[in-house]
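Student: Quick one: structure below, then a few questions.
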Amino acid sequence: MVKPFATVAQALGEIPQLYPDNDFTFMDLKGQEVVFKYTQLDTATLQRAAALQAYGLKQGDRVGLIVIEPMDFVLTFLACIRIGVVPVPLYPPMSFGSLDAYAERTRKVLTSAEASLLIASARLKNVLWGLVDKVPSLHKLVPVETFREATGTPSLPSINPEDLAFLQYTSGSTADPKGVMVTHGSLIANSRGIINDAVQITPEDRGVSWLPLYHDMGLIGFVVAPVCHALSITYIPTLRFIKRPNVWMDTIHRHRGNITFAPNFAFALATRKAKPSDLAKWDLSCLTRVGCGAEPIQPDTMRAFTKLFHENCGMPDWAVSPAYGMAEATLAISIKRFRRPLKTVKVDADVFRAEGRAIAPLEGRTIIEHVACGEVFPGHTITAMDDNGNQLPEGLEGELCLQGPSVTPGYFNNPEATARAYRDGWLHTGDLGFVLDKQIYVTGRIKDLIIVNGRNVHPQAVEWSAAEVEGVRKGNVIAFSVPSSTGERLVVVLESRLDDRASLIEPVRQHVQRELSLRIEEVITLPPGSLPKTSSGKLQRRKARQQYLSGELGTEGSRLAGASADKVTLARHVARSLWSRAKATALGR
Amino acid sequence: MNEAQIIDLIRKALTEVAPGRDFSDLAEETKIETLGLDSIATMEMVGFIEEEIDTTFADEELAKVSKVRDLAGLIRGGRVDA
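Just so you know, the sequences run in chain order A and B.
Quick note: the first sequence uses the working numbering, first residue 1, plus one each step.
Quick note: the second sequence uses the working numbering, first residue 590, plus one each step.
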């Protein structure tokens, strides 16, 4: 185990001397690999830090970072951290995406962060150039490539645990950007929980990651925590994994990777894409920790992944490790402990939905299976709370609330949002869940945030976009997501006065696809007055979702009774994707 | 590859990432966004094509793709005129 450091900056200064031969290996889009030993990492980050200071950047200044190449991203990000400059990682524009919406969100975030400099990949220059004039604090756009030639020695300021390390913007909506203030102290505390307490990994181990580096799971999980604990990491470009999913397990096999992390959808993708010839070749006995987080975890997906890679490649059958976390808690709140088996609990669906009580199902009843995400890290406390802030006993569903050294101090320049989430000494996660035998179970989201393929989407964004289509009743659209075998499916329900309401289905789908790069799995069109509303006329998203799941939506008076209806509709909703997957397996290979 | 073979390749890639869907009326003028793929499936499709013809398209070219015609142009080894 590595000695504890007070700040990430201190770890960056000392670890290269202690573990000079550990490395970060960067793969490019074509699969070529470049190895950076920790000693080279030390030199390169110091040189880039000197170049940053030459631009006049001082401790506490914010810098936007929109960098495609993992090597440039990691070196520049760590260079900022070493001199107390606060990087603000942003995602690059996605292929086939709408640039207008992208530019607007980027402008909002940079404005909120009051960034004075924007560092970006040179090939994004044309897309980003216009932003410099539109963000009042911003005075320069610098291509990240110029830092490759950096020389010189920076002056290293004294950095304290309570100092800001970077800003992690979380909200998928452009309306209200929320930049989580991640401090050196919270990073050190969270890294210790992840590395020492949960996954129990050492400087002899190697991680493999294709996760985007502008997202907390990839950035903290595979850059910051590793440098604080001297792990070696191999980085695969995200786009390379999406295009060739087999690169993930193949790299783990070749580099003898011991730890990797991914959202649920990637487990399904890896399972579906593995070819028999690969399975025969791969030795994954080294792969002892496969973390799963960032979106709802489907037990069947975890079991299929485990079965395939355990039976064919020797991956331990306890390797899959569900995790729970959020940017406001730095990264992770809990992860299944090393070597423990995957655990789930089956509860009575009716009792759970109606009363929020997790109890064993009676004979013949519908069940819901929840995945255990491990125990909260030592030194932290988690509890489920009711609406009045009372702590609930074990097995009762409420809002999950957290205390401890991983909790960040709030959102940058956003006291209103901070006051909503950080109350009475607790971080209110906005997630619904319960604690049972110390295990954390996450069951839903209070804010109805939709998570598709690891991307957070506010239902309002989808609703507003759908309402722009001619023929849709403005203000009468509800968007929500429902569980499917591979993650979550996006459903949109809308009202229209048209006789031929079904004619709206394709235009709405295409419009939302174009605006938000999101696929709506199902568009339901209803006559005016069908959507559930409060007495004041406010749409009831949760109620609409419940009605959808129980088959009641828009069919007042003709509903089926109780649990059997649940089963039938759920089965129908899931069947299409299950069926298509089954056919793919049978025919595709 | 001639035009019909390229369309066939794109159709095969689409069937791979969205099994069970009908892409028989796919044409050069079809817009990619009307195919109803999410961003992950779109890139999966591109990856399938890259593997079939053993190449890697440049990111900045992919970003300009809007219609099947543009994708077909990349497959032919050209660039996208945006």
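By construction, the Cβ of each residue, glycine as well, lies at the ideal position given by its N, Cα and C atoms.
Quantities reported herein were computed from a predicted structural model and do not represent experimental measurements.
Would you call the CB atoms of Leu427/A and Ala329/A closer than 8 Å?
Tutor: Position 427 of the first sequence, counted from the first residue, corresponds to residue 427/A. Position 329 of the first sequence, counted from the first residue, corresponds to residue 329/A. Yes.
Student: What are the start and end residues of the beta strand (DSSP E) that includes Gly64/A?
Tutor: Stepping through the first sequence from its first residue, residue 64/A is reached at position 64. In this chain, the beta strand (DSSP E) harbouring Gly64/A covers Arg62 to Ile66.
Student: Around the Cβ of Thr555/A, are there at least 16 other Cβ atoms within 10 angstroms (buried) or fewer (exposed)?
Tutor: On the first sequence, residue 555/A is found 555 positions in, with the first residue counted as 1. Note that Thr555/A scores 45 on pLDDT, short of 50, meaning its location in the model is unreliable; the coordinates nonetheless yield the value given after this. With fewer than 16 other Cβ atoms from the protein chains shown falling within 10 Å of its own Cβ, Thr555/A counts as exposed.
Student: Run through chain A and tell me which residues come within less than 8 Å of Glu622/B, C-beta to C-beta.
Tutor: Position 33 of the second sequence, counted from the start, is the residue given in the question as residue 622/B. Chain A residues near Glu622/B: Phe96, Gln510, Gln513 and Arg514.
Student: Establish whether the CB of Ala661/B and some CB of chain A are separated by less than 8 Å.
Tutor: As a first step, residue 661/B must be located in the second sequence, where it is residue number 72. No, because no Cβ of chain A sits closer than 8 Å to the Cβ of Ala661/B.
Student: Starting from the N-terminal side, write out each stretch of the alpha helix (DSSP H) that is 4 residues or longer and does not extend beyond the stretch 188 to 221 of chain A.
Tutor: 216 to 219
Student: DSSP three-state label for Arg445/A, please.
Tutor: Taking the first residue of the first sequence as position 1, residue 445/A is located at position 445. Reduced to three states, the DSSP call for Arg445/A is strand.
Student: Could you work out which residues of chain C lie near Gly666/B, taking near to mean beta carbons separated by less than 7 Å?
Tutor: Structure shown: chain C not included; protein chains present are A and B.
Student: Please compile the residues from chain B whose C-beta is within a distance smaller than 8 Å of the C-beta of Ile242/A.
Tutor: Counting from one through the first sequence, the residue named residue 242/A turns up at place 242. By Cβ distance, chain B contributes Ile629, Met632, Glu633 and Gly636.
Student: Any C-beta of chain B within less than 8 Å: which residues of the stretch 73 to 93 of chain A qualify?
Tutor: Against chain B - using a Cβ distance shorter than 8 Å - the residues of the stretch 73 to 93 of chain A are Pro93.
Student: In whole angstroms, give me the CA-to-CA distance for Ser550/A and Val351/A.
Tutor: In the first sequence, residue 550/A corresponds to position 550, counting from 1. In the first sequence, residue 351/A corresponds to position 351, counting from 1. Distance between the alpha carbons of Ser550/A and Val351/A: 14 Å.
Student: Let me know if His139/A comes out buried or exposed under the rule of 16 or more other beta-carbons within 10 Å of its beta-carbon.
Tutor: As a first step, residue 139/A is located in the first sequence; it is residue number 139 there, counting from the start. Counting Cβ neighbours within 10 Å, His139/A comes out exposed, since fewer than 16 surround it.
Student: Evaluate Thr644/B with the Cβ neighbour count: other Cβ atoms within 10 Å of its Cβ, from every protein chain shown; 16 or more gives buried, anything less gives exposed.
Tutor: Against the second sequence, residue 644/B aligns to sequence position 55. Residue environment for Thr644/B: exposed (fewer than 16 other C-beta atoms within 10 angstroms of its C-beta).
Student: Check distances from the C-beta atoms of the stretch 16 to 29 of chain A to those of chain B and list, in chain order, the residues that come in under 7 Å.
Tutor: Leu29
Student: Hey, Ala332/A and Leu287/A: beta-carbon distance below 8 Å or not?
Tutor: Taking the first residue of the first sequence as 1, we reach residue 332/A at position 332. Taking the first residue of the first sequence as 1, we reach residue 287/A at position 287. Not a contact, by the Cβ cut-off of 8 Å.
Student: Starting from Trp464/A, trace the alpha helix (DSSP H) both ways and give me its first and last residue.
Tutor: Counting from 1 along the first sequence, the entry for residue 464/A is found at position 464. In the DSSP assignment, Trp464/A falls within the alpha helix (DSSP H) that extends over Pro459 to Ala467.
Student: Report yes if the CB atom of Gly291/A is closer than 8 Å to the CB atom of Ala327/A, and no otherwise.
Tutor: Taking the first sequence and counting its residues from 1, one reaches residue 291/A at position 291. Taking the first sequence and counting its residues from 1, one reaches residue 327/A at position 327. No, these two residues do not count as a Cβ contact at 8 Å.
Student: I'd like to know whether the C-beta atoms of Val223/A and Leu231/A end up nearer to each other than 8 Å.
Tutor: If you number the first sequence from 1, residue 223/A lands on position 223. If you number the first sequence from 1, residue 231/A lands on position 231. Going by C-beta atoms, Val223/A is not nearer than 8 Å to Leu231/A.
Student: Under a Cβ-count criterion, where at least 16 other Cβ atoms within 10 Å of its own Cβ denotes burial, should Val35/A be classed as buried or exposed?
Tutor: Here residue 35/A refers to the residue found at position 35 when the first sequence is read from its first residue. By the 10 Å Cβ count, Val35/A comes out exposed.
Student: Can you give the Cα-Cα distance for Arg192/A and Val376/A, rounded to whole angstroms?
Tutor: Here the question's residue 192/A lines up with position 192 in the first sequence. Here the question's residue 376/A lines up with position 376 in the first sequence. Answer to the nearest angstrom: the Cα atoms are 13 Å apart.
Student: Select from the stretch 298 to 315 of chain A all residues with a C-beta closer than 7 Å to any C-beta belonging to chain B, and list them in chain order.
Tutor: Look at the stretch 298 to 315 of chain A: it has no residue with a C-beta under 7 Å from a C-beta of chain B.
Student: Since Lys336/A is in the alpha helix (DSSP H), which residue starts that stretch and which ends it?
Tutor: Indexing the first sequence from 1 puts residue 336/A at position 336. It is not in any alpha helix (DSSP H) - Lys336/A carries neither H nor E in the DSSP assignment.
Student: Identify which residue in Gly625/B, Leu651/B and Arg658/B has its Cα closest to the Cα of Glu521/A.
Tutor: As a first step, residue 521/A is located in the first sequence; it is residue number 521 there, counting from the start. Closest in alpha carbon position to Glu521/A, among Gly625/B, Leu651/B and Arg658/B, is Gly625/B.
Student: For the beta strand (DSSP E) containing Leu117/A, list its first residue and its last residue.
Tutor: Counted from its first residue, the first sequence places residue 117/A at position 117. Start and end: Leu117 to Ala120.
Student: Using three-state DSSP, classify Ala268/A as helix, strand or coil.
Tutor: Here residue 268/A is taken as the residue at index 268 of the first sequence, counted from 1. Here Ala268/A sits in helix by DSSP.
Student: For Thr344/A, report the span of its beta strand (DSSP E) as first-last.
Tutor: As a working mapping, residue 344/A is identified with position 344 in the first sequence. Its beta strand (DSSP E) spans residues Thr344 to Asp348.
Student: Spell out a yes or no on whether the stretch 465 to 473 of chain A and the stretch 492 to 510 of chain A are touching, meaning 3 or more CB-CB pairs, one atom from each, closer than 8 Å.
Tutor: yes
Student: Against chain B, with Cβ distances strictly below 8 Å, would Arg489/A count as a contact?
Tutor: Counting from 1 along the first sequence, the entry for residue 489/A is found at position 489. Chain B contact via Cβ: absent.
Student: Find the residues of chain A that neighbour Thr645/B, judging by a C-beta separation of less than 8 Å, and give them in chain order.
Tutor: Here residue 645/B refers to the residue found at position 56 of the second sequence. Within 8 Å Cβ-Cβ: Leu29 and Lys30.
Student: Which residues does DSSP pair with Leu400/A in a beta bridge?
Tutor: In the first sequence, residue 400/A corresponds to position 400, counting from 1. Leu400/A is bridged to Ala384/A.
Student: According to the Cβ coordinates, are Gly398/A and Asp386/A closer than 8 Å?
Tutor: Against the first sequence, residue 398/A aligns to sequence position 398. Against the first sequence, residue 386/A aligns to sequence position 386. The answer is yes: Cβ separation under 8 Å.
Student: At a threshold of 7 Å, does Thr366/A count as lining the ligand MG (C-beta to nearest heavy atom)?
Tutor: Looking for the ligand MG in the displayed structure turns up nothing, as the structure carries no ligands at all.
Student: Closest by CA to Thr619/B, which one among Gly666/B, Asp659/B and Leu663/B?
Tutor: Here the question's residue 619/B lines up with position 30 in the second sequence. Cα-wise, what sits closest to Thr619/B is Asp659/B.
Student: Grouping DSSP H, G and I as helix and E and B as strand, with all else coil, what is Ala616/B?
Tutor: Taking the second sequence and counting its residues from 1, the one referred to as residue 616/B is at position 27. Ala616/B carries a coil assignment under DSSP once its states are collapsed to helix, strand and coil.
Student: Select from the stretch 249 to 279 of chain A all residues with a C-beta closer than 8 Å to any C-beta belonging to chain B, and list them in chain order.
Tutor: Phe265 and Leu269
Student: In terms of residue numbering, what span does the beta strand (DSSP E) encompassing Thr25/A cover?
Tutor: As a working note, residue 25/A is residue 25 in the first sequence. Segment Asp23 to Met27, the beta strand (DSSP E) holding Thr25/A.
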